[in-house]
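At position 61 of the sequence shown (counting the first as 1) the number is 276 in my numbering, and the numbers step up by one without a gap. Think of the CB as a built atom: it goes at the ideal place given N, C-alpha and C, for glycine as much as any other residue. See below for the structure under consideration.
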Amino acid sequence: MSKLQPVSMEAGHFNVRDKKKFAKGLAMIKESLNCGGATLFSSDNMILWNKNYSMLREKAYAEYISDEQIDIVPKTIIWRTYVLDFLLKRSLQVDGNIIELGVLKGDTAMFLCNQNAEMLKDRIFYLIDLFEWNQGDIHTKHRSLLDKNLYTKVQDRFGKHKFIKVIQGDAEDILPRINIDKIAFAHIDMNDAVPELFSLAFLASKISRGGSIIFDDYGWWGYSEQKLELDKKLNDLNLDILELPTGQGIVLF
216 MSKLQPVSME
226 AGHFNVRDKK
236 KFAKGLAMIK
246 ESLNCGGATL
256 FSSDNMILWN
266 KNYSMLREKA
276 YAEYISDEQI
286 DIVPKTIIWR
296 TYVLDFLLKR
306 SLQVDGNIIE
316 LGVLKGDTAM
326 FLCNQNAEML
336 KDRIFYLIDL
346 FEWNQGDIHT
356 KHRSLLDKNL
366 YTKVQDRFGK
376 HKFIKVIQGD
386 AEDILPRINI
396 DKIAFAHIDM
406 NDAVPELFSL
416 AFLASKISRG
426 GSIIFDDYGW
436 WGYSEQKLEL
446 DKKLNDLNLD
456 ILELPTGQGI
466 VLF
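Below is the structure:
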């Protein structure tokens, strides 16, 4: 029996102070490996080798990574997207709608929509975000949030998907106002402990058995205040959370 052909991927990393030293260190790692870097995955603050990387062997993911029209950040977080895609497919086996809290430009949501459009067509997929950043805001100051037309652009981007509802506003204001009796899947990525804690408390009783919540920031040290607060609330709710090397936190119901 023969082995799989090796695959590799290199994209971006975050929180690197000296990029030249980082690149030099990565080159030394490659030189030290039996594979010479042929199985190296270097992206999203993960450096791995001698793995199979199943998602990189799937056509949709391979095409996504090679698409020159797609920015580096969506490619960098491809493993996070793979986790979301897997859990969304699993969650779509149960009743309920879909929510993403923290959308930015909608790159992740668009990939998930394109991959699962047939299964999503009879659901509502809510995309909720402030779609802005103002002085004093706690959430991360992404460049895209400074675009005054971001909300309109995201609405236009998802126009072909009739199951999508793009809503601008604070999660603490929006969630109680929309009709969401049952939720199958929630992706929470707001870079702010307060609305994330509120969202967990609000959504937990509405998640269908077999559904899931994914916290994008849970495992990132830079956002560890969110982990500390979420852990307390999860304990109160008698729920467990799994931290992944991607930085995501997974709660299964």
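Judged by beta-carbon spacing, ASP344 lies beyond the 8 Å limit of LEU327, meaning their Cβ atoms are not closer than that value. Between the segment 427-436 and the segment 404-413, the count of C-beta pairs closer than 8 Å reaches three or more; the two stretches touch.
The shortest C-alpha to C-alpha distance from TYR297 to any of ILE244, PHE468 and LEU459 is the one to LEU459.
Within the model, the alpha-carbon separation for LEU445 versus VAL466 is close to 11 Å. When DSSP states are grouped into helix, strand and coil, LEU307 belongs to the coil group.
As DSSP reads the structure, ILE313 sits in a beta bridge with PHE340 and PHE400. Rounded to whole angstroms, the Cβ separation of ALA324 and GLU315 is 5 Å, and the two are in contact under 8 Å.
Residue environment: TRP294 is assigned as buried (16 or more neighbouring CB atoms within 10 Å of its CB, all protein chains considered).
Non-local beta-carbon contacts of SER306 in its own chain, meaning distances under 6 Å to residues more than five positions away in sequence, involve ALA399, PHE400, GLY426 and SER427 in chain order.
The way I'd put it, the segment 375-389 doesn't touch the segment 272-283; fewer than three beta-carbon pairs between them come closer than 8 Å. Between the alpha carbons of VAL222 and ILE313 lies a gap of roughly 33 Å. Leaving aside the five residues that flank ILE287 on each side, the residues in its chain whose CB is nearer than 8 Å to its CB run, in chain order, ALA226 and GLY227. ILE389 and LYS368 have their C-alpha atoms spaced approximately 20 Å apart. PHE430: member of the beta strand (DSSP E) spanning 422-430, first to last residue.
With distances taken between CA atoms, ILE395 lies nearest to ASP310 out of ASP310, LEU457, GLU283 and ALA242. Per DSSP, the unbroken alpha helix (DSSP H) holding GLY240 starts and ends at 234-247. The residues LEU390, in chain order, have a CB closer than 6 Å to that of PHE417 in the same chain once the five nearest residues on each side in sequence are set aside. The Cβ atoms of ILE379 and PHE340 sit closer than 8 Å to each other. A distance below 8 Å between beta-carbons, with the five flanking residues on each side excluded, links LEU449 to the following residues of its chain, in chain order: LEU415, ASP455, ILE456 and VAL466.
By alpha-carbon distance to GLY321, the top candidate from ASP404, ASN267, THR254 and LYS421 is ASP404.
The alpha-carbon separation between GLY240 and ASN260 amounts to approximately 14 Å. Listed in chain order, the non-local C-beta contacts of GLN284 below 6 Å within the same chain number zero, local neighbours out to five positions each way being set aside. Only buried fits LYS442, as 16 or more other CB atoms lie within 10 angstroms of its CB.
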